[in-house]
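K.L.:
So the sequences go chain by chain: A and B. All residue numbers for the first sequence refer to the numbering used here, where the first residue is 1 and numbers rise by one. All residue numbers for the second sequence refer to the numbering used here, where the first residue is 1 and numbers rise by one.
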Amino acid sequence: MKLLRVISIAAMTLLATTSCVTATSPKLGAGVGRDGTIAAKSGKASSLKELIAMYDSSSCIECHEEAHEQWEASPHARSIYGTGRAAATMITAMKNGFMSWEYSGVKTTKDIKVEHFMGCMKCHLPQLADAEDKVAVELADTLLDWYENAKLALKDPDNKKAAAKRDAYQETLTSLNINCLVCHNRMAITHKWTDGYPQHDTVYGFNDGEHDDAKFTKMKRSLIMDESILCGQCHGMGPNLELENPTQCATLYGSYMWAYTAEGGHETCQECHMKKSGLGHKILSYSDEKMQEMALDFEVDAYASQWLDGSTLKPKAVVKVKMKNKSGHSIPDG
Amino acid sequence: MPTPQLMARGNNMGRGPYEKSSIVEDTGLPPGKEVEERFDIFFPVEELDNGGQVAEEREMTVTVQLWYKPFGTMSSAALWREWQETVSLDKRSKPTTYPSGNPE
């Protein structure tokens, strides 16, 4: 009888908790129609300058200084340029890729359209989809001009003109990045027919309400802000089969779903790369000491043994290395 | 990291993302699973006049390093773990007169 009473109380508590959650849950629908997006309101960008301005998040800094500083030190802040290597790879993708393929329709940079770049820019600059094709041409020329002047400046350190041009192009390239508005607006809603489109005047995070900003006056909850799919949009599943000529860069979200969660894992990207690591918006991976420490168990055992080679005993050291990947995806991956 | 398949056909590896569309194999560490790698390292030996062999050194210092190589080379590589120990041929040996091996 006593046991029954305990079960009854537990059931009552569960019901009370459930109704409490229902009563306080925010309404779904983090945005409304496509016509309310940043791109729809401003029209497509017709230059790199316009594209940078369209997704300018500098007004966030005043209130979110710490997050900005963390982000500034992250690879997201240099998603096209990287350390220079990423930008060079984009050029390779142009020259060895769509500029050399027979049916791409591209012979010179003047033929480049936004769709040609999306193999890279789907993730390195998703907002390029909100620009006219001539912006793709401008981006291609900027990459090539940066590289040309970087080479000249490297060859002749006294070539100030080339160094200045290199720096100017580099500044443009680093201004094109994955900033606050990319994650907290443009990519904050994956299921747009269900939840609505991200709106031009709204930042998406964990709360609903007013937002103290001249341009982004509202806050709304993004239902995926703490879910792995937010990151999985770019740190993806393998080949981007939606493209006319599929590309493949990141495979991490595929590994996360089919090798980690399929085996019982349940942590999210954000839990490890932002919270437990203490990295916040810096969101690093293999290069960060804390992430390295969290990533795996590593154990080595070594002993002397022998190998019988015909009639000769050959002494040897046997070294056994055990590793257990504790992350939510294959290592390495990206 | 999966070894990407060139244009999703054959067994060649694609280099740039623009030419990768599948995987040939995945040599990465799978999440949640223990992987063991075994290495057998022979002691260098000297040839003796009688045709026999003897180890040049009785000890071998083994260093194991785990590197993360984002580009497959040491460029931008990060050292994740390092382990070192000396393996001795005499460490656990006991005196014996029993002839090992097959005498000629």
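Don't be surprised by glycine CBs; every beta carbon is placed ideally from N, CA and C. It should be emphasised that the depicted structure is a prediction, and the values quoted were computed from it without experimental measurement.
Determine the contact status of A/Thr174 and A/Tyr81, defining contact as a CB-CB distance below 9 Å.
P.N.:
Their beta carbons are under 9 Å apart, which means A/Thr174 touches A/Tyr81 by this criterion.
K.L.:
Buried or exposed, going by whether 16 or more other CB atoms sit within 10 Å of the CB of A/Thr24?
P.N.:
With a pLDDT of 45 at A/Thr24, under the threshold of 50, the predicted position of this residue should be treated as unreliable, though the coordinate-derived value follows. Per the 10 Å Cβ criterion, exposed.
K.L.:
Looking at the secondary structure, which residues open and close the beta strand (DSSP E) in which A/Asn325 lies?
P.N.:
Residues Thr312 to Asn325.
K.L.:
Is the Cβ of B/Met60 closer than 9 Å to any Cβ of chain A?
P.N.:
Yes, its Cβ sits closer than 9 Å to a Cβ of chain A.
K.L.:
Alpha carbon to alpha carbon, how far is A/Leu313 from B/Ser88? Give it in angstroms, no decimals.
P.N.:
B/Ser88 and A/Leu313: Cα-Cα distance of roughly 16 Å.
K.L.:
Here's the rule: buried if 16 or more other CB atoms are within 10 angstroms of the residue's CB, otherwise exposed. What is A/Cys63?
P.N.:
A/Cys63 is exposed by the Cβ-count criterion.
K.L.:
According to the Cβ coordinates, are A/Glu299 and A/Lys322 closer than 9 Å?
P.N.:
Against a cut-off of 9 Å, the Cβ pair of A/Lys322 and A/Glu299 comes out as a contact.
K.L.:
Check the Cβ of B/Val35 against every Cβ in chain A and list those closer than 9 Å, keeping chain order.
P.N.:
Chain A residues near B/Val35: Val321, Lys322, Met323, Lys324 and Asn325.
K.L.:
My understanding is that B/Glu56 touches B/Glu46, with C-beta atoms under 8 Å, so please give their C-beta distance in whole angstroms.
P.N.:
With 8 Å as the limit, B/Glu56 and B/Glu46 qualify as a contact, their Cβ atoms being about 5 Å apart.
K.L.:
Is A/Glu263 close to chain B, meaning its C-beta is less than 9 Å from at least one C-beta of that chain?
P.N.:
Answer yes: the Cβ-Cβ gap between A/Glu263 and chain B drops below 9 Å somewhere.
K.L.:
Who pairs with B/Glu37 in a beta bridge, going by DSSP?
P.N.:
According to DSSP, which records beta bridges pairwise, B/Glu37 is partnered with A/Val321.
K.L.:
According to DSSP, which residues form a beta bridge with B/Trp83?
P.N.:
Looking at the DSSP assignment, B/Trp83 forms a beta bridge with B/Val64.
K.L.:
Run the CB neighbour count on A/Phe98, radius 10 Å, all protein chains shown included, and call it buried at 16 or more, exposed below.
P.N.:
Classification of A/Phe98: buried, given that the 10 Å Cβ count is 16 or more.
K.L.:
Looking at chain B, is there any beta carbon in it that lies within less than 9 Å of the beta carbon of A/Val21?
P.N.:
At A/Val21, the pLDDT of 41 sits below 50, so the modelled position is not reliable and the matter cannot be decided from this model.
K.L.:
Nearest CA to the CA of A/Tyr204: which residue from A/Thr194, A/Asp111, A/Val182 and A/Gly236?
P.N.:
Here the closest residue by C-alpha is A/Val182.
K.L.:
Rounded to whole angstroms, what is the Cα-Cα separation between A/Asp212 and A/Asn96?
P.N.:
Between A/Asp212 and A/Asn96, the C-alpha separation is close to 47 Å.
K.L.:
Could you pull out every residue in the same chain whose Cβ sits closer than 7 Å to the Cβ of A/His200, ignoring the five residues on either side in sequence?
P.N.:
The residues are Gly36, Thr37, Ile38 and Lys41.
K.L.:
Is B/Glu110 close to chain A, meaning its C-beta is less than 9 Å from at least one C-beta of that chain?
P.N.:
With chain B covering only 1 through 104, there is no way to say anything about residue 110 of chain B.
K.L.:
Can you tell me where the beta strand (DSSP E) with A/Trp101 in it begins and where it stops?
P.N.:
No beta strand (DSSP E) holds A/Trp101; DSSP gives it neither H nor E.
K.L.:
Whose C-beta lies closer than 8 Å to the C-beta of A/Thr190 among residues of the same chain, with five residues either side of it excluded?
P.N.:
The answer, listed in chain order, is Ile224, Ile229, Leu230 and Gln233.
K.L.:
Residues of chain A with CB under 9 Å from B/Arg38, in chain order?
P.N.:
Those are Val318, Val319, Lys320 and Val321, listed as they occur along chain A.
K.L.:
Within the region 67 to 96 of chain A, note down every full alpha helix (DSSP H) run reaching 4 residues or more, in order along the chain.
P.N.:
If we require 4 residues or more, the alpha helix (DSSP H) runs fully inside the region 67 to 96 of chain A come out as 85 to 92.
K.L.:
Would the region 127 to 134 of chain A and the region 108 to 119 of chain A be scored as touching if the rule is three or more Cβ pairs under 8 Å?
P.N.:
Yes: the two stretches touch, three or more of their Cβ pairs being nearer than 8 Å.
K.L.:
If you run the structure through DSSP and keep just helix, strand and coil, what is A/Lys336?
P.N.:
No answer is possible for residue 336 of chain A: the residues shown for chain A start at 1 and end at 334.
K.L.:
Whose C-beta lies closer than 7 Å to the C-beta of A/Val137 among residues of the same chain, with five residues either side of it excluded?
P.N.:
Contacts found: Thr109, Lys110 and Ile112.
K.L.:
Short of 8 Å in beta carbon distance, which residues of its chain neighbour A/Ala73, apart from the five on each side in sequence? Order them along the chain.
P.N.:
Lys282.
K.L.:
Quick one, which residues of the region 79 to 93 of chain B are near chain A if we go by CB-CB under 8 Å, in chain order?
P.N.:
Answer in chain order: Trp80, Arg81, Trp83, Glu85, Val87, Ser88, Leu89, Lys91 and Arg92.
K.L.:
Give every residue of the same chain whose Cβ lies closer than 8 Å to the Cβ of A/Glu267, excluding the five residues on either side of it in the sequence, and list them in chain order.
P.N.:
Closer than 8 Å at the Cβ level, and outside the excluded window around A/Glu267, lie Gly328.
K.L.:
Grouping DSSP H, G and I as helix and E and B as strand, with all else coil, what is A/Val362?
P.N.:
Chain A is shown from 1 up to 334; residue 362 of chain A falls before or after that span and cannot be answered.
K.L.:
I'd like the list of long-range same chain contacts for A/Gly280, defined as Cβ closer than 8 Å, with 5 residues on each side in sequence excluded.
P.N.:
The answer, listed in chain order, is Glu66, Ala67, Gln70 and Met274.
K.L.:
Which same chain residues end up closer than 7 Å to A/Arg166 when comparing Cβ atoms and leaving out the 5 residues on each side of it in sequence?
P.N.:
Around A/Arg166: Trp146, Asn149, Ala150 and Ala153.
K.L.:
Going by Cα to Cα distance, which pick from B/Gly10, B/Phe71 and B/Ser21 is closest to A/Glu242?
P.N.:
The residue with the shortest Cα to Cα distance from A/Glu242 is B/Ser21.
K.L.:
Got a sec: which bits of the region 76 to 87 of chain A sit with their beta carbon under 9 Å from any beta carbon on chain B, in order along the chain?
P.N.:
The region 76 to 87 of chain A vs chain B, Cβ under 9 Å: Thr83 and Arg85.
K.L.:
Output, in chain order, the set of chain B residues within a Cβ distance shorter than 7 Å of A/Ala331.
P.N.:
The question names Ala, yet the displayed sequence has Ile at residue 331 of chain A. Gly28 and Leu29, listed in chain order.
K.L.:
Since A/Gly205 is in the beta strand (DSSP E), which residue starts that stretch and which ends it?
P.N.:
First-last of the beta strand (DSSP E) with A/Gly205: Thr202 to Gly205.
K.L.:
Would you report the Cα separation of A/Ala140 and B/Ala78, rounded to the nearest angstrom?
P.N.:
Using only the alpha carbons, I get a separation of about 32 Å.
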